[in-house]
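Here the structure comes first, spelled out in structure tokens, and everything after it is commentary.
2 protein chains.
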Amino acid sequence: MTDPRSVDLIVYPHWLVPVEPEGLVLEDHALVVDGGEIVELLPADFARQRYRARQTLERSGHALLPGLVNAHTHAAMSLLRGLADDRALMDWLTHHIWPAEAAHLSREFCRDGVLLACAELIRGGVTCFNDMYFFPETTAAVVREVGLRAAIGLIVLEFPTTYAQNADEYLHKGQALHDELRGEPRLRPAFAPHAPYTVGDAALSRLRVYASELAVPIHMHLHETAHEVEQAQAETGERPWARLRRLELLGPEFIAVHMTQLTEQEIVETAELGVNIVHCPESNMKLASGFCPAAKLLAAGANLAIGTDGAASNNDLDVLGETRSAALLAKAVAGDAAALPAARALTAATLGGARALGWNERIGSLRPGKAADFITVDLSAPETQPLYDVISQLVYACGRQQVRDVFVDGRPLLHERRLLSLDLDATLAAAQRWRARIAAAAG
Amino acid sequence: MTDPRSVDLIVYPHWLVPVEPEGLVLEDHALVVDGGEIVELLPADFARQRYRARQTLERSGHALLPGLVNAHTHAAMSLLRGLADDRALMDWLTHHIWPAEAAHLSREFCRDGVLLACAELIRGGVTCFNDMYFFPETTAAVVREVGLRAAIGLIVLEFPTTYAQNADEYLHKGQALHDELRGEPRLRPAFAPHAPYTVGDAALSRLRVYASELAVPIHMHLHETAHEVEQAQAETGERPWARLRRLELLGPEFIAVHMTQLTEQEIVETAELGVNIVHCPESNMKLASGFCPAAKLLAAGANLAIGTDGAASNNDLDVLGETRSAALLAKAVAGDAAALPAARALTAATLGGARALGWNERIGSLRPGKAADFITVDLSAPETQPLYDVISQLVYACGRQQVRDVFVDGRPLLHERRLLSLDLDATLAAAQRWRARIAAAAG
């Protein structure tokens, strides 16, 4: 018998949920981590024999699973949480959100807003998010600092903000940031044209060329509301989906967010073209945008990811709760209680998001060689007892506050609910300063 | 100036949300409690001058609001949480839930299940629930013991269980329990015929007479699924709603649970007859039962309450989360982002439930003379910051674990998240013993 191998960390949870294969739950197994990567998943007894760990975490009564992936956020908008509710999308955008952004948007706004979002994301078991917002270099800097993982959207719009004046400048800034992020292990760029109704054909075509040359995804709101689709058809005779198809944007690198308005043919095309869907059920419900046909998209073979959208339209960044909402709503919309079952929903919230970002070789499931991005969840509370089925409990009964530990690249960001890489008091104090300023301006 | 009056308790929250009038938020106010009742809501400075309290709670950063009312539960079924998911209602009932009940239902099952439910309800800020299950005298005994408030459903079915053999015996036992509960301040009976498809005309007619004589509400599942309505029409030519109307059950004492299948005429009649609706959006979604037209019912003038249904079909008893789901889903179903706004949703979860139970003179809002049933909720966490609108934050962003204190009749049941009237360890141990037995039997 050889000597035990020295490793950084072994975690002994009650249940280990690797997500690949879908639905598998391992009892009395350990997760072995070294150099920021997963070394092995193996029976706890073997782990004790074969490895000597510099750190050991005993987590009886807990499940261990991959970190959740929030596949659509506007992190800095957490500073606008609850500023304007119970309003339709275009009213909410044009009369509340865009004016607030016009008045307050700055590098500092983004820094403080992203810090607040990161505190919420980490406490809720999210290890990776896919962001779209202004000053993306600031978002990248905060993510680097707090140790999370993110796809940073290089935002493109046709109209001026304090960040950029026109599509050219947005694209230029995006390319510069792309170059800066090269070689970063936890940050990846994605082009992020806001929506079909805010970016013209010329900018989209240029962006497609860049995205293809640089091999980065394109992250875009698409078919969010019936109004969006109807207006495009009235003005151009073309549905936004058909337009993006004509411009050759749609493929496995395309991340289509919302997709509540789809013909049967568009559902088939989504799967055939390999377009990734980010389903944001709570934002879609709150803004009365419509219902994404999640079960039909999955049946067609499309990749489904889960996003919260920004906290200004959700109003939280709770991926566990969003996954529950997705699983519940899919059944109601499909008229089939077997639609989007718990294990499939958990896949969407982890591996589905990783696939959408083109990051599934690195994250989204617990496999040897992947990054050690994982969370532990305490299932011993009365809210999740008795326990017949771990994955059912995680998706249908568990609250995000039951997340106990969060690791990214093997580094702990949350330990027994304590944030380790972020000054929570300072973050909350900054949020309250912004609140005072924004509330005063809103009258 | 007179001497300060001695009272039992004064609470100083940051925000006081009385629910009546809807939408009101008082800052720097205090709630004064004496003899289990609310004495006054008044500015904090005045409270300090006019009252001397035996106990004082300072709750900066917290909201104080009426205890939540869970208007439809099967509390004991918490022991079956997650036993069978992702199945349609009749499959779930006939192949999983009813067989499990046939094998395990007993007084002990109910006692242990209701204790587990009470732990979850109290921790989630629920002070009153409306239950329907077997062995209701056991449910009543547990509620009495833990200090909660409840309407106890005197269940009636046509088929035999270990509780009773036929409708006669159910009715007989119900009447006996009704008499036992007389004069209890925190317990009220309600007749609870299970559903139109499980109780015949003869039993319903007798029950109507008793309910009317005894002046107690009737609590019943109604129009839960399209299947239920179609089958009744196919067999009798009559929709269940029409049948209950013919039997003269429908009126202000009738509590109709689910109501996902309603014609425009039935919506109008619901309001005209004063029938109370209990909306259970998560259970309806999970079982793919359909969508309750909550916004249309409210527009017609009906009283709307919120229920979780049992933890076997939800899978939690989280009224705060259910209220968020109701508010979100109502917008999506109505195609109107202004439907069921936050303040209206909070009314449904408190006063709406109280009205449905005929208990609104005593609970459901914070008014002098009403019972001191209230909760405090910590809004200082990053998940609910920054804060522009307290009620938006409570409904759209807050998690139930942010509930800090729970009082019923002025008695604390949860203090700084500690359960005071219930042995949590013993309750969890019992739940785990049931899990072992039920899982073994289910194979």
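Those protein sequence lines, which keep their order, are chains A and B. Counting with this note's numbering, you get residues 151 to 593 for the letters of the first sequence. Counting with this note's numbering, you get residues 151 to 593 for the letters of the second sequence. Here a beta-carbon is modelled for each residue, glycine too, at the ideal position from N, C-alpha and C.
Alpha carbons only, please: which of A:G503, A:E472, A:F441 and A:F524 is nearest the one belonging to A:G485?
For the purposes of this step, residue 485 of chain A is identified with residue 335 of the first sequence, where counting begins at 1. Nearest of A:G503, A:E472, A:F441 and A:F524 to A:G485, Cα basis: A:F441.
Problem set entry | Assigned exposure category for A:F196 - 16 Cβ within 10 Å defines buried | Against the first sequence, residue 196 of chain A aligns to sequence position 46. A:F196 should be labelled exposed.
- Check the Cβ-Cβ distances between B:S542 and every residue of chain A, and say whether any is below 8 Å. Walking along the second sequence from the start, residue 542 of chain B turns up at place 392. For B:S542, the answer is yes, since a Cβ of chain A falls inside 8 Å of its Cβ.
- Item | Cβ contact check for the stretch 565-576 of chain B and the stretch 229-249 of chain B: 3 or more pairs under 8 Å | no
Fill in: Proximity to B:G560 [Cα-Cα], best of B:G471, B:P154, B:L159 and B:E258
Walking along the second sequence from the start, residue 560 of chain B turns up at place 410. Nearest option by C-alpha distance: B:L159.
>> If distances are taken between C-alpha atoms only, which option among A:R583, A:R567 and A:A580 comes closest to A:I272?
In response: Reading the first sequence from its first residue, position 122 is the one you call residue 272 of chain A. Of the listed residues, the one whose Cα sits closest to A:I272 is A:R567.
| message | Less than 6 Å between C-beta atoms, sequence neighbours within five positions excluded: which residues of the same chain meet that for B:A499? | response | In the second sequence, residue 499 of chain B corresponds to position 349, counting from 1. Same-chain partners within the cutoff: L218, I456, V469 and T473.
- Message: Can you pull out the residues from the stretch 541-574 of chain B whose beta carbon lies closer than 8 Å to at least one beta carbon of chain A?
- Response: S542, Q543, Y546, A547, G549, R550, Q551 and L574
Where the beta strand (DSSP E) containing B:G303 begins and where it ends
In the second sequence, the residue the question calls residue 303 of chain B occupies position 153. From DSSP, the beta strand (DSSP E) with B:G303 extends over R299 to V306.
**Prompt:** CB-CB under 6 Å to A:L431, same chain, minus the five flanking residues each way: which ones, in chain order?
**Reply:** Indexing the first sequence from 1 puts residue 431 of chain A at position 281. Here the sequence assigns Pro to residue 431 of chain A, which means Leu is not the residue at that position. Within the same chain, A:P431 has close Cβ partners S475, A476 and L479.
* Name the chain B residues that come within less than 7 Å of A:R585, Cβ to Cβ? -> As a first step, residue 585 of chain A is located in the first sequence; it is residue number 435 there, counting from the start. Correct list: P536, L537 and Y538.
query: Cα separation between A:Y347 and A:A382?
result: Position 197 of the first sequence, counting from 1, holds the residue named residue 347 of chain A. Position 232 of the first sequence, counting from 1, holds the residue named residue 382 of chain A. Distance between the alpha carbons of A:Y347 and A:A382: 8 Å.
task: Measure the Cβ-Cβ separation of B:S433 and B:T410 and say whether it is below 8 Å.
output: By 1-based counting over the second sequence, the position of residue 433 of chain B is 283. By 1-based counting over the second sequence, the position of residue 410 of chain B is 260. No, the Cβ-Cβ distance between B:S433 and B:T410 is not below 8 Å.
Q) In this structure, what does DSSP give as the bridge partners for B:A461? A) Residue numbering aside, residue 461 of chain B sits at position 311 when the second sequence is read from its first letter. DSSP, once it has assigned bridges, lists no residue as partnering B:A461.
* **Under 8 Å by beta carbon: chain B residues contacting A:N510** => Within the first sequence, numbered from 1, the residue matching residue 510 of chain A stands at position 360. Within 8 Å Cβ-Cβ: nothing; A:N510 doesn't reach chain B, min ~25 Å.
Start-to-end residues for the alpha helix (DSSP H) that takes in A:T289: If you number the first sequence from 1, residue 289 of chain A lands on position 139. Run containing A:T289: P286 to V296, per the alpha helix (DSSP H) assignment.
key: Residues, ordered as in the chain, of the stretch 438-471 of chain B that lie near chain A by beta-carbon distance below 9 Å   = A438, S439, G440, F441, A461, N464, N465, D466, L467, D468 and G471
Does the Cβ-Cβ distance between A:L304 and A:P339 come in under 8 Å? In the first sequence, residue 304 of chain A corresponds to position 154, counting from 1. In the first sequence, residue 339 of chain A corresponds to position 189, counting from 1. Yes, Cβ-Cβ distance for A:L304 and A:P339 is below 8 Å.
Check: So B:P216 is in the beta strand (DSSP E); what residue range does that whole segment cover?
Finding: Position 66 of the second sequence, counting from 1, holds the residue named residue 216 of chain B. It spans Y201 to P216 - the beta strand (DSSP E) in which B:P216 sits, taken as one unbroken run.
_Counterpart residues of A:M282 in DSSP-defined beta bridges_ = As a first step, residue 282 of chain A must be located in the first sequence, where it is residue number 132. In DSSP, A:M282 forms a bridge with A:G303.
Beta-carbon proximity list for A:V358, same chain, < 7 Å, skipping 5 on both sides | On the first sequence, position 208 is the one that residue 358 of chain A refers to. One detail in the question is off: residue 358 of chain A reads as Arg in this sequence, not Val. Excluding residues within five positions, the ones whose Cβ falls inside 7 Å are L397, E398 and L399.
Q) DSSP three-state call for B:D158: helix, strand or coil? A) Residue numbering aside, residue 158 of chain B sits at position 8 when the second sequence is read from its first letter. In this structure, B:D158 counts as strand in the three-state DSSP scheme.
What did DSSP end up calling B:P249 once you bin it into helix, strand or coil? Position 99 of the second sequence holds residue 249 of chain B. If DSSP states are grouped into helix, strand and coil, B:P249 belongs with the helices.
- Could you pull out every unbroken alpha helix (DSSP H) segment of at least 4 residues lying fully inside the stretch 468-507 of chain B, listed in chain order? 469-484, 492-497 and 503-506
* Name the DSSP beta bridge partners of A:F557, please? -> Position 407 of the first sequence holds residue 557 of chain A. A:F524 and A:P562, per the DSSP bridge assignment.
Requested in this report: Give, in chain order, every residue of the stretch 228-252 of chain A whose Cβ lies closer than 9 Å to some Cβ of chain B.
Outcome: S228, L229, L230, R231, G232, L233, A234, D235, D236, R237, A238, L239, D241 and W242
Requested in this report: Taking only heavy atoms of the ligand COA into account, decide whether any of them is closer than 7 Å to the Cβ of A:H328.
Outcome: For the ligand COA, the structure offers nothing, since it holds no ligand at all.
Requested in this report: For B:R389, collect the residues of the same chain with a Cβ closer than 7 Å to its Cβ; drop the 5 residues on either side in sequence, then sort them by chain order.
Outcome: Along the second sequence, read from residue 1 onward, the residue named residue 389 of chain B stands at position 239. Hits under 7 Å: V379, A382 and Q383.
- Query: Three or more beta-carbon pairs under 8 Å between the stretch 277-293 of chain A and the stretch 206-215 of chain A, yes or no?
  - Reply: no
Mapping DSSP to helix, strand and coil, what is A:M409?
-> Taking the first sequence and counting its residues from 1, the one referred to as residue 409 of chain A is at position 259. Coil, per DSSP.
### Query
Does the beta carbon of A:P491 come closer than 8 Å to any beta carbon on chain B?
As a working note, residue 491 of chain A is residue 341 in the first sequence. Chain B, which has a Cβ nearer than 8 Å to the Cβ of A:P491, makes this yes.
| query | At a cut of 8 Å, does the stretch 316-325 of chain B reach the stretch 347-356 of chain B through at least three beta carbon pairs? | reply | yes
Against B:A589, what residues of chain A qualify as contacts under a CB-to-CB distance less than 7 Å, listed in chain order? Mapped onto the second sequence, residue 589 of chain B falls at position 439. Under the 7 Å cutoff, chain A gives Y538.
Practice problem: Measure the beta-carbon distance from B:A444 to B:I417 and round it to whole angstroms, keeping in mind my assumption that it falls under 8 Å. | Solution: Stepping through the second sequence from its first residue, residue 444 of chain B is reached at position 294. Stepping through the second sequence from its first residue, residue 417 of chain B is reached at position 267. No, B:A444 and B:I417 are not in contact; Cβ-Cβ is about 11 Å, not under 8 Å.
Exercise for review: Please report how far the alpha carbon of A:D153 lies from the alpha carbon of A:L174, in whole angstroms.
Suggested key: The sequence position of residue 153 of chain A within the first sequence is 3, counting from 1. The sequence position of residue 174 of chain A within the first sequence is 24, counting from 1. C-alpha separation (whole angstroms): 31 Å.
With B:V189 as the anchor, note down where its beta strand (DSSP E) starts and where it stops.
The residue you call residue 189 of chain B lines up with position 39 of the second sequence. Note, B:V189: beta strand (DSSP E), E187 to P193.
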